[in-house]
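*Asks:* What follows is a single structure, and I will ask about it in a moment.
Number of protein chains: 2
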Amino acid sequence: MTVSRVINNTGRISEATRQRILAIMKEMNYVPNAMARSLVKQESRLLSLLIPDLTNPFYTSLARGAEDAARDLGYRLLLGNGDEDLAKEKEYIETVLSARVDGVLLTPTGDQSLAHLKKLAKQRIPFVLLDREVPGMGSDQILGDSREGTRMLTDHLVTLGHRRIAFLGGSRLVSTARLRLASFEETMAAHGLALPEGYLIEADYRMKEIDRQITALLAMPEPPTALLAANNFLALRAIRALRSLGKRVPDDLSVVCFDELEAGFVVDPFMTVAAQPSYDFGVMGIRMLVDRIQQKAPESWRKVVLPPVLHVRKSSGPPASL
Amino acid sequence: MTVSRVINNTGRISEATRQRILAIMKEMNYVPNAMARSLVKQESRLLSLLIPDLTNPFYTSLARGAEDAARDLGYRLLLGNGDEDLAKEKEYIETVLSARVDGVLLTPTGDQSLAHLKKLAKQRIPFVLLDREVPGMGSDQILGDSREGTRMLTDHLVTLGHRRIAFLGGSRLVSTARLRLASFEETMAAHGLALPEGYLIEADYRMKEIDRQITALLAMPEPPTALLAANNFLALRAIRALRSLGKRVPDDLSVVCFDELEAGFVVDPFMTVAAQPSYDFGVMGIRMLVDRIQQKAPESWRKVVLPPVLHVRKSSGPPASL
DNA sequence: GTGAAAGCGCTAACAG
DNA sequence: CTGTTAGCGCTTTCAC
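What follows is the structure in structure tokens.
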């Protein structure tokens, strides 16, 4: 049909027929069928963003960045929520695969996401990894600086006078959790500070054990005066546990963490954090992805590292003994 | 192809060929093309959820409910963020129209969304309205109880001893904002309490004016001792404004609001609220939508009203004069 | 400038 | 039980 030509503004059409077609389209409420078009063009102009937790402000802010960037570049964005659940992630990957999206932006659940990513790679769907790396999988990525952020937080506590600092980490199956733990150990060593047995906690998947772990920590002969949590929700759970044990933050124990918490929708932000530029994660991720799709990217994988910023707030103070 | 039959598990196939096909599929990493299938089946098994603010916990919680319900019913869910922006909403509606989703779940930006909804109706795409009504548009809907919630909050303040209560409302182009204002006026009247000129504030679209409006409120000869905000972010902005004016909450002024705030990711929830069952909004919305799609619903529109729950916390207390 | 023919990957309906 | 034909709504490609 000539109709197609007017819709796509392509080829030569006389203004007369052009107007006539436009009029008829309006009259019959014509809406082009994107699926039929994608089928023949072999491109959908559809991108997919998979985040691991829709309720975590870090990821919603990231999603807004991705959305804005996608719109700017003329792509639509499908949002998906993996829920930190490998099975849901798998399901979602299968969905986007059969939906024939042009590219995928995702924060993988963890190292075990490797299998899912391989599927994407095998179907030649371009993807960009956000925030977390997956060993064994080359790809474009946007990462935070876990080493630097952890160092900032640790230094902050040391500067306040803390010497006994414990670490509450996430699963070792997640790259950021590993890096933050390693950096914490390094930084403590650089300050000549000891890391007693029991100061290094690895939270289990659903954080079920945290209350017990915190209780054990405080029952030590030399309990810590500060706690560094590897992410925002971990810190939150820790503080709840501390409160239920009658401990006050920061009076009895300082708590600091990675990732912003509360700043957007709270009267009075409480937590001292190493904040990451979450919105930019989304924007840059989409740009990198679209570059790759449109083959404007170099052959080799690209990697961008976004630095964190320390926000000192009320959850950290000098140790009680000072 | 016989292939189609094994994929869809339909018709009679010998186990031998069945296995052979499965093997070949695996070998060549076959992934069915959902678009091609939708094209012929005239259904996509795709639902779309449009929320007005991705960063508002009310809507993210709602989205999780919708997601879970959609998965249960065998549908995929595309998330969209309208950003309280009529233009983005329009864009999104066009997108889902051309993507040929089977149904749409949405919280309209406001009364002006009517035009967008009419487009959906004209294309015979079933949709369910969440949280906000749109005058002139019949449809299935899941609503909160704005009257009851406002009454609860007002009664709470009156019981604490407040007599001078101001109201910070949202745009009158949004049904919930209108209802909450009306219910506030009614309830105050029922208590025999006066509503001086200036006690009723309508926040503008982007809340730019709030600081000035709050300043004016406090400069009145008889300033209020309590403030009822029509939603969570409005309350937040108000409290920020109050703080910058050196006022303390609840010591100098009590503040309460509609919608949950902070409870999920904060150490110590502060705000007294009339919380709505946001997750259930999503679940019930999807169920209602799927019923409609599968024509299990009655011809007439259905409407479900979900009651709010009062959570008394720290942002409200007796008036200073007591 | 405009129309006709072919085909994207799939499934419905019918043959064999 | 399995293969064939046709067509979903669109965009090529190539005639006119």
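One line per chain: the protein sequences are A and B, in this order.
If you're matching positions, the first sequence starts at 1 in full-length UniProt numbering and goes up one per residue.
If you're matching positions, the second sequence starts at 1 in full-length UniProt numbering and goes up one per residue.
For every residue, glycine included, the Cβ atom is placed at its ideal position computed from N, Cα and C.
It should be emphasised that the depicted structure is a prediction, and the values quoted were computed from it without experimental measurement.
Restricting to Cα atoms, I'd like to know which of B:S300, B:P308, B:L22 and B:K314 is closest to B:P126.
*Replies:* Sequence index remark: in the second sequence, residue 126 of chain B carries index 126 (1-based). Comparing alpha-carbon positions, the option among B:S300, B:P308, B:L22 and B:K314 lying closest to B:P126 turns out to be B:S300.
*Asks:* Please list the partners that A:G264 has in chain B, where partner means a Cβ-to-Cβ separation under 7 Å.
*Replies:* Within the first sequence, residue 264 of chain A is the residue found at index 264, counting from 1. Within 7 Å Cβ-Cβ: T55.
*Asks:* Report the residues of the segment 99-127 of chain A with a CB closer than 7 Å to any CB of chain B, ordered along the chain.
*Replies:* For the segment 99-127 of chain A, which is checked against every Cβ of chain B, the residues closer than 7 Å are A99, R100, K122 and Q123.
*Asks:* Mapping the DSSP letters down to three states, classify B:A238 as helix, strand or coil.
*Replies:* As a first step, residue 238 of chain B is located in the second sequence; it is residue number 238 there, counting from the start. In this structure, B:A238 counts as helix in the three-state DSSP scheme.
*Asks:* Note down, in chain order, each residue of its chain lying with its Cβ closer than 8 Å to the Cβ of A:L157, except the 5 sequence neighbours on either side.
*Replies:* Here residue 157 of chain A refers to the residue found at position 157 of the first sequence. Answer for A:L157: I165, A226, L228, S254, V256 and S316, listed in chain order.
*Asks:* In three-state terms, what does DSSP make of B:L39?
*Replies:* As a first step, residue 39 of chain B is located in the second sequence; it is residue number 39 there, counting from the start. B:L39: helix per DSSP, three-state reduction.
*Asks:* Under 9 Å between C-beta atoms, does A:I239 make it to chain B?
*Replies:* On the first sequence, position 239 is the one that residue 239 of chain A refers to. At least one chain B Cβ lies under 9 Å of A:I239.
*Asks:* Along chain A, in chain order, which residues have C-beta atoms closer than 7 Å to that of B:T272?
*Replies:* One-based indexing of the second sequence puts residue 272 of chain B at position 272. Residues of chain A passing the Cβ test: none, with the nearest at roughly 12 Å.
*Asks:* Assign A:Y59 to buried or exposed, taking buried as 16 or more other Cβ atoms, counted over all protein chains shown, within 10 Å of its Cβ.
*Replies:* Locating residue 59 of chain A in the first sequence gives position 59, where the first residue counts as 1. Buried, by the Cβ-count rule.
*Asks:* Could you tell me which chain A residues have their CB closer than 9 Å to the CB of B:L35, listed as they occur along the chain?
*Replies:* The sequence position of residue 35 of chain B within the second sequence is 35, counting from 1. Looking at the sequence itself, residue 35 of chain B is Met, so the reference to Leu does not match. Residues of chain A passing the Cβ test: A34, M35, A36, S38, L39, S44, S98, A99 and R100.
*Asks:* If you reduce the DSSP assignment to three classes, tell me which class A:L157 lands in.
*Replies:* For this step, residue 157 of chain A is matched to residue 157 along the first sequence. A:L157 falls in the helix class under three-state DSSP.
*Asks:* Are the CB atoms of B:D111 and B:V128 nearer to each other than 9 Å?
*Replies:* On the second sequence, residue 111 of chain B is found 111 positions in, with the first residue counted as 1. On the second sequence, residue 128 of chain B is found 128 positions in, with the first residue counted as 1. No, they are not a contact pair.
*Asks:* Between the Cα of A:E222 and the Cα atoms of A:R163, A:D251, A:D280 and A:T272, which residue gives the shortest distance?
*Replies:* Along the first sequence, one-based indexing puts residue 222 of chain A at 222. Among A:R163, A:D251, A:D280 and A:T272, the Cα nearest to that of A:E222 belongs to A:R163.
*Asks:* Between the segment 91-100 of chain B and the segment 261-272 of chain B, do three or more beta carbon pairs fall short of 8 Å?
*Replies:* With a cut-off of 8 Å, the segment 261-272 of chain B and the segment 91-100 of chain B do not count as touching, because too few Cβ pairs lie within range.
*Asks:* Please go through the same chain and pick out, in chain order, the residues whose beta-carbon is closer than 6 Å to the beta-carbon of B:Q213, but skip the five residues on each side of it.
*Replies:* Here residue 213 of chain B refers to the residue found at position 213 when the second sequence is read from its first residue. Cβ neighbours of B:Q213 beyond the five flanking positions: I201.
*Asks:* Residues of chain B with CB under 9 Å from A:R64, in chain order?
*Replies:* Numbered from its first residue, the first sequence carries residue 64 of chain A at position 64. Correct list: L54, T55, N81 and D83.
*Asks:* So, at 6 Å on beta carbons, what are the nonlocal neighbours of B:E76 in its own chain, with the 5 sequence-adjacent residues on each side left out?
*Replies:* Numbered from its first residue, the second sequence carries residue 76 of chain B at position 76. Position check: residue 76 of chain B holds Arg in this sequence, whereas Glu was assumed. Cβ within range, chain order: L46.
*Asks:* Looking at chain A, is there any beta carbon in it that lies within less than 9 Å of the beta carbon of B:F184?
*Replies:* By 1-based counting over the second sequence, the position of residue 184 of chain B is 184. Under the 9 Å criterion on CB atoms, B:F184 is classed as non-interfacial with respect to chain A.
*Asks:* Going straight from the alpha carbon of B:A177 to that of A:R313, what length do you get?
*Replies:* Taking the first residue of the second sequence as 1, we reach residue 177 of chain B at position 177. Taking the first residue of the first sequence as 1, we reach residue 313 of chain A at position 313. Using only the alpha carbons, I get a separation of about 35 Å.
*Asks:* If we define contact as Cβ-Cβ less than 9 Å, is A:S61 a contact residue for chain B?
*Replies:* As a working note, residue 61 of chain A is residue 61 in the first sequence. It does; some Cβ of chain B falls within 9 Å.
*Asks:* Which of the three DSSP states, helix, strand or coil, is assigned to B:Q112?
*Replies:* Taking the second sequence and counting its residues from 1, one reaches residue 112 of chain B at position 112. B:Q112: helix per DSSP, three-state reduction.
*Asks:* Give me, in chain order, the residues of the same chain whose beta-carbon lies closer than 6 Å to that of B:N232; leave out the 5 immediate sequence neighbours on both sides.
*Replies:* Position 232 of the second sequence holds residue 232 of chain B. Correct list, in chain order: C257, D259 and L261.
*Asks:* Going along chain A in order, which residues have a C-beta closer than 7 Å to the C-beta of B:V312?
*Replies:* Residue numbering aside, residue 312 of chain B sits at position 312 when the second sequence is read from its first letter. Within 7 Å Cβ-Cβ: nothing; B:V312 doesn't reach chain A, min ~17 Å.
*Asks:* Compare the Cα-Cα distances from B:K208 to each of B:H191, B:L193 and B:A238 and report the closest residue.
*Replies:* As a working note, residue 208 of chain B is residue 208 in the second sequence. Of the candidates B:H191, B:L193 and B:A238, the one whose C-alpha sits nearest the C-alpha of B:K208 is B:A238.
*Asks:* Does B:L130 get closer than 9 Å to chain A when you measure Cβ to Cβ?
*Replies:* Position 130 of the second sequence, counting from 1, holds the residue named residue 130 of chain B. By this cut-off, B:L130 is not an interface position.
*Asks:* In chain A, what lies closer than 7 Å to B:T95 by C-beta?
*Replies:* Residue numbering aside, residue 95 of chain B sits at position 95 when the second sequence is read from its first letter. Within chain A, the residues near B:T95 are R76.
*Asks:* Give the DSSP-derived three-state secondary structure of A:G170 in the structure shown.
*Replies:* Your numbering for residue 170 of chain A matches position 170 in the first sequence. Per DSSP, reduced to three states, the secondary structure at A:G170 is coil, with no helix or strand assignment.
*Asks:* What is the DSSP secondary structure of residue 353 of chain A, counted as helix, strand or coil?
*Replies:* Because chain A here runs from 1 to 322, residue 353 of chain A falls outside it and cannot be looked at.
*Asks:* If contact is defined by three or more beta carbon pairs under 8 Å, each pair taking one atom from either stretch, is the segment 62-80 of chain B in contact with the segment 77-85 of chain A?
*Replies:* yes
*Asks:* Taking Cβ to Cβ, would you say A:L306 is nearer than 9 Å to A:G144?
*Replies:* As a position in the first sequence, residue 306 of chain A is number 306, starting the count at 1. As a position in the first sequence, residue 144 of chain A is number 144, starting the count at 1. Result yes, Cβ atoms of A:L306 and A:G144 sit closer than 9 Å.
*Asks:* Figure out for me which residue from A:G161, A:G246 and A:E84 has the closest Cα to the Cα of A:G170.
*Replies:* What you label residue 170 of chain A is simply residue 170 of the first sequence in a count that begins at 1. Checking every option, the nearest Cα to that of A:G170 belongs to A:E84.
*Asks:* With A:G103 as the anchor, note down where its beta strand (DSSP E) starts and where it stops.
*Replies:* Locating residue 103 of chain A in the first sequence gives position 103, where the first residue counts as 1. Looking at the DSSP string, the run of the beta strand (DSSP E) that includes A:G103 is G103 to L106.
*Asks:* Looking at the unbroken beta strand (DSSP E) that takes in A:Q141, where does it start and where does it end?
*Replies:* Sequence index remark: in the first sequence, residue 141 of chain A carries index 141 (1-based). Here the beta strand (DSSP E) through A:Q141 covers D140 to G144.
*Asks:* Is there contact here, the segment 284-303 of chain A with the segment 64-75 of chain A, by at least three beta-carbon pairs under 8 Å?
*Replies:* yes
*Asks:* If you measure between the beta carbons of B:A132 and B:T95, is that distance less than 9 Å?
*Replies:* Position 132 of the second sequence, counted from the first residue, corresponds to residue 132 of chain B. Position 95 of the second sequence, counted from the first residue, corresponds to residue 95 of chain B. In the sequence as presented, Ala is not what sits at residue 132 of chain B; that position holds Arg. No, these two residues do not count as a Cβ contact at 9 Å.
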